[in-house]
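Asks: Mapping the sequence shown onto my numbering, position 97 (from 1) lands on 142, and the numbers just tick up by one.
Even glycine gets a Cβ: it sits at the ideal position worked out from N, Cα and C.
Provided herewith is a single structure, encoded as structure tokens, for subsequent inquiry.
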Amino acid sequence: MSLPNLPSVIIRGTGAYTPENVVHNNDMAKTVDTSDEWIFTRTGIRERRFAAADETSSTMASIAGRRAMEAAGVHPEEIDLVIVATITPDMPFPSTACLVQHALGLKPITAFDIEAACSGFLYALRIGANMLRTGDFKKALIIGTEKMSSILDFSDRSTCVLFGDGAGAVVLSCGEGSDEGILGTLSGSDGSNPALLCQPGGGSRQPATATSIHARAHFLKMNGKEIFKVAVRVMEQASRDILKQRGFSPDQLDCIIPHQANMRIIESIASRLKVPMDKFYNNLSTYGNTSAASIPIALDEAVRSRRVNKGDLLLLVGFGAGLTWGASLIKWS
Ligand SMILES: CC(C)(COP(=O)(O)OP(=O)(O)OC[C@H]1O[C@@H](n2cnc3c(N)ncnc32)[C@H](O)[C@@H]1OP(=O)(O)O)[C@@H](O)C(=O)NCCC(=O)NCCS
């Protein structure tokens with residue numbers, strides 16, 4: 046929810062990075078029992094990018110972050126807050142944000158990770174915007190980055206074809222009025238059924254052992270059918286709630302950037318909200334689901350291709366493991 050007496054927060058610049066290695070569905074079908082036809086008709090995905098062995102979530106985040114600073118015309122020494130959203134950190138600790146702080150030559154500023162799976166960027170955007178509004182921080186770098194290929198089980202065809210790697214970033218700072226920039230943010234969670242989408246091994250519940258590795262517990266597991274149903278419901282609700290909070294209706298939106306998980310999920314939301322599909326920005330066919338990176342990568346593309354322009358009313362909305370969900374309503378400036 047936006048705070049009317051506090052300054053607005055503006056996205057000053059966007060940036061993204063996706064790895065060079067393009068893996069088409071036909072390439073997947075060489076090693077996985079699947080086909081381009083099955084993947085494309087069920088999901089809308091044609092290809093994804095897989096990072097090289099020497100690329101990590103922090104290296105991709107750093108490139109996206111540098112591009113966002115360049116687009117914003119902000120020098121590294123001006124950044125005083127870095128939040129990185131990821132479920133595939135370079136290592137459990139230290140945080141990927143600390144690695145980014147060093148890689149970008151930032152001052153010894155506040156840097157931390159948050160983990161809300163595919164909703165991570167929207168959580169980070171909300172946290173970052175509200176930290177700026179307090180006046181304690183001036184310029185924030187908010188990044189979503191994932192090397193999903195590092196946790197995919199390539200013997201599970203129902204999940205390994207869905208995800209890809211990449212990073213997206215924005216630079217935030219406060220504006221003047223209250224009717225521009227990030228008008229409102231929302232986030233939520235329901236932890237009642239974590240097994241719907243999880244990586245069961247490697248944490249304190251099931252630390253790494255020979256048994257956990259043998260059980261393939263360190264890979265992503267998902268109940269696709271259930272996630273599909275929940276995703277449609279929570280993304281529709283989050284969209285309606287944030288629009289209502291700020292006194293808008295779905296038909297006033299100029300552009301919606303949904304989490305890029307499945308084209309059928311996006312089509313269902315469009316039909317429930319009664320918003321035409323051409324208002325939705327989609328790049329799912331090119332990148333697959335890049336989890337916390339999906340919305341900032343799509344936002345960067347939409348901004349650079351002028352699909353989003355000054356004055357446009359923009360909705361970012363997503364969901365992910367947890368379950369988590371989030372939304373952000375933005376008057377682009
Ligand atoms: C994963 C998903 C595409 C599966 O689609 P679905 O229509 O539910 O497919 P099902 O799981 O019912 O599987 C149907 C059949 O296809 C098979 N199949 C699964 N993956 C396959 C693949 N990659 N290639 C070919 N066949 C596949 C299944 O084995 C099953 O075969 P069977 O009927 O002989 O048992 C869909 O459930 C989905 O997208 N869910 C949401 C996932 C998501 O967005 N996750 C990210 C959250 S952030």
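Check whether the Cβ atoms of Ile301 and Phe325 lie closer than 8 Å to each other.
Replies: yes
Asks: Quick one: Cα of Gly165 to Cα of Ala255, how far?
Replies: A straight-line Cα-Cα distance of about 31 Å links Gly165 and Ala255.
Asks: Please list, in chain order, all residues of the same chain as Ala276 whose beta carbon is under 6 Å from its beta carbon, the five residues on each side excluded.
Replies: Excluding sequence neighbours, Ala276 sits near Ile310, Phe364.
Asks: Is the beta carbon of Leu228 less than 8 Å from the beta carbon of Arg291?
Replies: yes
Asks: Are the beta-carbon atoms belonging to Pro121 and Leu149 less than 8 Å from one another?
Replies: yes
Asks: So, helix, strand or coil for Met267, using DSSP?
Replies: Strand.
Asks: How long is the line joining the alpha carbons of Met193 and Asn307, rounded to whole angstroms?
Replies: 16 Å
Asks: Spatial neighbours of Arg178 within its chain, please: CB distance less than 8 Å, with the 5 preceding and 5 following residues excluded, ordered by chain position.
Replies: Leu48, Leu51, Pro52, Val54, Cys219
Asks: Just mark Leu360 as buried or exposed, buried being the case when its beta carbon has 16 or more other beta carbons within 10 Å.
Replies: buried
Asks: Run the proximity test for Met7: is its beta-carbon closer than 7 Å to any non-hydrogen atom belonging to ligand 1?
Replies: Outside the modelled stretch of the chain, which goes from 46 to 378, sits residue 7, for which no answer is possible.
Asks: Taking DSSP as the reference, what is the three-state secondary structure of Val67?
Replies: strand
Asks: Nearest by alpha-carbon distance to Asn354: which of Met267, Ser378, Ser223 is it?
Replies: Ser378
Asks: Is Trp83 near ligand 1, going by C-beta to nearest heavy atom under 7 Å?
Replies: Between ligand 1 and Trp83, a heavy atom-to-CB distance of less than 7 Å is present.
Asks: For Gly365, verify whether its CB is less than 7 Å away from any heavy atom of ligand 1.
Replies: yes
Asks: Count the CB pairs spanning the segment 136–144 and the segment 337–347 that are closer than 8 Å, and state whether there are at least three.
Replies: Between the segment 136–144 and the segment 337–347 there are fewer than three C-beta pairs closer than 8 Å, too few to call the two in contact.
Asks: Assuming the contact rule is C-beta atoms closer than 8 Å, Ala130 and Ile188 should be a hit. Round their C-beta distance to whole Å, please.
Replies: Going by Cβ atoms, the distance from Ala130 to Ile188 rounds to 7 Å, so yes, they are a contact pair.
Asks: Just verifying my parser: in three-state terms, what is the DSSP assignment at Gly246?
Replies: coil
Asks: Are at least three pairs of beta-carbons, each pair with one atom in the segment 109–120 and one in the segment 89–97, less than 8 Å apart?
Replies: no
Asks: Give the range of the alpha helix (DSSP H) segment to which Trp40 is assigned.
Replies: Not covered by the structure: residue 40. The range shown for the chain is 46 to 378.
Asks: Would you say the beta carbon of Cys243 comes nearer than 7 Å to a heavy atom of ligand 1?
Replies: no
Asks: List the endpoints of the continuous alpha helix (DSSP H) containing Thr141.
Replies: 141–148
Asks: Going by other Cβ atoms of all chains shown within 10 Å of its Cβ, with 16 needed for buried, is Lys152 buried or exposed?
Replies: exposed
Asks: Indicate whether Lys184 and Glu123 have their beta-carbon atoms separated by less than 8 Å.
Replies: yes
Asks: Please classify Phe379 as buried or exposed, where buried requires at least 16 neighbouring CB atoms within 10 angstroms.
Replies: Nothing in the structure corresponds to residue 379, since the chain is present only between 46 and 378.
Asks: What do you get for Met280, buried or exposed, if any count of 16 or more other CB atoms within 10 angstroms of its CB means buried?
Replies: So Met280 counts as buried.
Asks: I'd like the list of long-range same chain contacts for Met46, defined as Cβ closer than 8 Å, with 5 residues on each side in sequence excluded.
Replies: Legend: pLDDT at Met46 = 49, less than 50; position of this residue unreliable, value from coordinates given subsequently. Hits under 8 Å: Gly229, Thr230, Leu231, Gln290.
Asks: Can you give me the start and stop residues for the alpha helix (DSSP H) that Val348 sits inside?
Replies: 339–349 is the span of the alpha helix (DSSP H), which, as asked, contains Val348.
Asks: So, using beta-carbon positions, are Thr155 and Thr190 closer together than 8 Å?
Replies: No, the pair does not count as a contact, with Cβ atoms beyond the cut-off.
Asks: I'd like to check one pair, Ser203 with Gly246: are the Cβ atoms closer than 8 Å?
Replies: no
Asks: Can you tell me whether Asn334 sits near ligand 1, meaning its C-beta is under 7 Å from at least one heavy atom of the ligand?
Replies: yes
Asks: For a test of your reading of the model: does the CB of Ile310 fall under 7 Å from any non-hydrogen atom of ligand 1? Yes or no.
Replies: yes
Asks: Between the alpha carbons of Thr369 and Ala253, how many angstroms are there, rounded?
Replies: Whole-angstrom Cα-Cα distance: 26 Å.
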